[in-house]
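Read the structure below first, then the notes.
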Amino acid sequence: MPYRFWAEALATAAYLLNRRPCKATIAISPFQKLYGVQPDYQHLRTFGCLCYPNITATAPHKLAPRSIKCVLLGYSPDHKGYHCLDLSSGRVLTSRHVYFEEACFPFAQEQPSRTPASTMPTDADCHDQIARQPHPPPVRSASTSPASSSLSPMTSASSPPASSPTPATCSPASPVQSQHPMLTRARAGVFKPNPR
């Protein structure tokens, strides 16, 4: 991530540190000490990953796009949602319903500098990463809401190894074929019209 997002990175780090157990309070997190309940880890995602927030509530008409390409900047302290940076306009959106691609980091190609960068990463940057990688790692299926996810970021199957600081893939998830046990007329080979 570029240096211009240091404030969001610091806020996210503080958010995570307040939810992790510490030695001083004998394996109790500061969040649990303050509120008296265990913190929920199901909504935690990788900082700086590619995400697609749902923007239908602010869409001008029903045929407008339902989501846009963004980068996760952290968690909202005032709402139950995520802060997402819109890559095309540069504005920050807060949304609760977000689809995540935790294996793709749009800012991975950009070299950190002390001066603000004038360009945002494009689709071509992300697809160039795919072309250079011989064997992309499996993409984890993303949830549409924080509550429906059952994997913790600490036990995620797609978390990158410690030796690789940024994974270089952002392949789209392959469509899942329906495997229901129902025998239909087409599967049985009957192609004539129904006599009803």
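Plus 192 on top of the position in the sequence shown (first one is 1) and you've got my numbering. For every residue, glycine included, the Cβ atom is placed at its ideal position computed from N, Cα and C. Values in this document were obtained by computation on a predicted structure and should not be read as measured data.
Starting from the C-beta of residue i, find all residues in its chain whose C-beta is less than 6 Å away, skip the five residues before and the five after it, and write them out in chain order.
i, result
"T238", "E294"
"E200", "L265, G266"
Kindly list the residues whose CB is nearer than 8 Å to the CB of residue i, restricted to its own chain and excluding five residues on each side of it in sequence; keep chain order.
i, result
"C276", "C243, P245, C262, V263, L264, L265, V284, L285, T286, S287, V290"
"H271", "T286, R288"
"S258", "Note that residue 258 is Arg in the sequence shown, not Ser. Within the same chain, R258 has close Cβ partners N246, I247, T248, A251."
"F383", "R377"
Thinking C-alpha only, which one of the options is nearest residue i?
i, options, result
"L208", "D232, M193, W198", "D232"
"D278", "Y267, P252, I260", "I260"
"F292", "H235, P252, P257", "H235"
Near residue i, what residues of its chain come up, given a Cβ to Cβ distance below 7 Å and the 5 sequence neighbours on each side ignored?
i, result
"G240", "M193, V263, L264, F297, F299"
"F223", "N210, R211, P231"
"K225", "T217"
Could you check where the beta strand (DSSP E) with residue i kicks off and where it finishes?
i, result
"E293", "290-293"
"L285", "284-287"
Look at the Cβ atom of residue i, then the Cβ atom of residue j, and state whether they are nearer than 9 Å.
i, j, result
"R377", "N386", "yes"
"S280", "Y274", "no"
"A205", "P213", "no"
In terms of residues, what are the limits of the alpha helix (DSSP H) holding residue i?
i, result
"L208", "198-209"
"L183", "In the structure displayed, the chain extends from 193 to 388; residue 183 sits before or after that span and is not available."
"P222", "222-227"
"R377", "377-380"
Bridge partners for residue i per DSSP, in chain order?
i, result
"C262", "C243, D278"
"Y267", "Y274"
"C214", "I220"
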